[in-house]
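Trainee: All residue numbers for the sequence shown refer to the working numbering, where the first residue is 1 and numbers rise by one.
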Amino acid sequence: MMVGYFMRRITVSMSWQNKALRQRSSFTTMTHNSILKDSSHGCQILMSPTLVSLDSPDIWAPNNHHTHYQFSSNRNFSNEQTAAVINGQLMADEIRSKIACEVRRMEDSIGNVPGLAVIMVGDRRDSQTYVRNKILACEEVGMVSTVTALPNDCTEHELHSAVASFNVDPSVHGVLVQLPLPQHLDVRKISDVLSLEKDVDGFHPINIGNIAMRGREPLFISCTPKGCIELLIRSGIEIMGKKAVVIGRSNIVGLPASLLLQRHHATVSIVHAFTENPEHITREADILITAVGMPNLVRGNWLKPGAVVIDVGTSPIEDASCELGYRLMGDVCYEEAVRVASAVTPVPGGIGPMTIAMLLCNTLDAAKRAHNFI
């Protein structure tokens, strides 16, 4: 009775379905256009290769350390130069269209569809928005989703019980706990309870460790870093041999992003709160990924001309003029960056949609693995 009191499992309602229908006309058209002629075979959803396929021995050429890489760019930069805007929403829509086809093929073949369970603690407005977007995305691709809402003062035992209940639910293939959590809850302990096979957020230490180790492949890659790499690849931006700088070293974004870039053979530096003169390091970056959550931290003079800038930071700033009462700002001063960089992701509309697309992709992979569906 106590668990029932503190937990409210909210099944996706028809009203959300109606709202999703109003918002997805273009997405639906794309989905219908991408249905495979031969539905007996799966389609390739992502362009990113497996990490193991990237592994190769480090063979140092003579005097290799004397070779200086020069970022190739024929662009003539001036105060009026505007960088290309990387449209993460457009890429995410294409990925979600292919996921929808695979979900449909799975349902037609074995009668099952992927299921995602989301656990949310408290009533943060931004978290509610993020969860709502994930649920709507599940609806659009034909997945089943469930939300469990816990009060802000719930105990660790109650949170862990919610996770454990989904671990043994065969209709749930992916489980995520929406972050951030209230300060009295230890996010590190969640991985002690969450099933590795359902860690679609990719936060489990084993998944992170397998990203770091050459010759290994994680079951799941953290959604935001995975989205960053996919976005770079789809934009035709070469990673191998480039100088990449990651600002932030969180377990959620910064650390796995730096590991992924290294697996893709970039030369990676990490900037954190204790780094002296961080702008000296970032000005050498051909690829800059920032994930700190500090609005306008990265100014134009932090950037190398022609750099590619991926802004993961999303800070909610109160704004009464906005429908939700707040607006999102990135780590990068966008107005300055577009005059220096060759390509920039906007906030919102950049990496955010790609993160959700990667979550759907991980959930699909988890369901395929659970049902041995190819």
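Glycine residues also receive a C-beta, built at the ideal position from the N, C-alpha and C atoms. These numbers come from a predicted model, not from an experiment.
What's the gap between the Cα of Ala337 and the Cα of Val168?
Mentor: Straight-line Cα distance between these residues: approximately 47 Å.
Trainee: In the DSSP assignment, find the alpha helix (DSSP H) that holds Met354 and state where it starts and stops.
Mentor: Met354 -> alpha helix (DSSP H) spans 351-370.
Trainee: Output needed for Pro205: all residues of its chain with C-beta closer than 7 Å, excluding positions within five of it in sequence on either side, in chain order.
Mentor: Cβ neighbours of Pro205 beyond the five flanking positions: Ser191.
Trainee: Evaluate contact between the region 148-161 and the region 220-233, counting only Cβ atoms and requiring at least three cross-stretch pairs below 8 Å.
Mentor: Taking 8 Å as the limit for Cβ pairs, the verdict is that the region 220-233 does not touch the region 148-161.
Trainee: Count Cβ pairs between the region 356-374 and the region 225-243 that sit closer than 8 Å; are there 3 or more?
Mentor: Cβ pair count under 8 Å is three or more, so yes.
Trainee: Short check: CB of Val268 to CB of Val312, under 8 Å?
Mentor: The answer is no: Cβ separation not under 8 Å.
Trainee: Cα separation between His264 and Leu364?
Mentor: Roughly 24 Å between the two C-alpha positions.
Trainee: For the 8 Å Cβ check, are there 3 or more pairs between the region 119-132 and the region 143-160?
Mentor: Output reads yes: the region 143-160 touches the region 119-132.
Trainee: Report buried or exposed for Glu335, applying the criterion of at least 16 other Cβ atoms within 10 angstroms of its Cβ.
Mentor: Exposed, since its Cβ has fewer than 16 Cβ neighbours within 10 Å.
Trainee: Nearest-angstrom Cα distance between Pro57 and Leu231?
Mentor: Their Cα atoms are separated by approximately 26 Å.
Trainee: Does the pairing of the region 318-328 with the region 282-294 give three or more beta-carbon distances under 8 Å?
Mentor: In short, these stretches do not touch, since the Cβ pair count stays below three.
Trainee: Would you mind sorting Lys189 into buried or exposed? The rule is 16 or more other CB atoms within 10 Å of its CB.
Mentor: With fewer than 16 other Cβ atoms within 10 Å, it is exposed.
Trainee: Please say whether Ile233 and Ser48 have beta carbons closer to each other than 8 Å?
Mentor: Taking 8 Å as the Cβ cut-off, Ser48 and Ile233 qualify as a contacting pair.
Trainee: With distances taken between CB atoms, is the gap from Val376 to Ala343 smaller than 8 Å?
Mentor: Outside the shown range of the chain (1 to 374) lies residue 376, about which nothing can therefore be said.
Trainee: Assuming Asn301 and Glu279 form a contact by the criterion Cβ under 8 Å, report the distance between their Cβ atoms to the nearest whole angstrom.
Mentor: So it is a contact: roughly 7 Å between Cβ atoms.
Trainee: Identify every run of the alpha helix (DSSP H) within the region 263-350, keeping only runs that are complete inside it and at least 4 residues long; order them along the chain.
Mentor: Here the runs fully enclosed are 278-282, 334-337.
Trainee: If you draw a straight line from the alpha carbon of Pro316 to that of Pro348, how long is it in whole angstroms?
Mentor: Cα to Cα, the separation comes out at about 11 Å.
Trainee: DSSP three-state label for Lys98, please.
Mentor: Three-state DSSP puts Lys98 in a helix.
Trainee: For Ser145, report the span of its alpha helix (DSSP H) as first-last.
Mentor: Taken as a continuous stretch (DSSP letters only), Ser145 belongs to no alpha helix (DSSP H), being part of the beta strand (DSSP E) at 144-150.
Trainee: Might you give, ordered along the chain, the residues of its own chain that have their beta carbon closer than 8 Å to the beta carbon of Val271, omitting 5 neighbours on each side?
Mentor: Same-chain partners within the cutoff: Val245, Val246, Ile247, Gly248, Pro278, Ile281, Thr282.
Trainee: Is Glu156 closer than 8 Å to Asp186 when the C-beta atoms are compared?
Mentor: Yes, they are a contact pair.
Trainee: Suppose only complete runs of 3+ residues qualify. What are the beta strand (DSSP E) ranges in the region 145-195, listed by chain order?
Mentor: With a minimum length of 3 residues, the continuous beta strand (DSSP E) runs that stay inside the region 145-195 are 174-177.
Trainee: For Cys43 and Lys98, I'd like the C-alpha separation in whole angstroms.
Mentor: Approximately 7 Å, taken between the alpha carbons.
Trainee: How many Å lie between Phe373 and Met106 at the Cα?
Mentor: Taking the straight line joining both Cα atoms gives about 8 Å.
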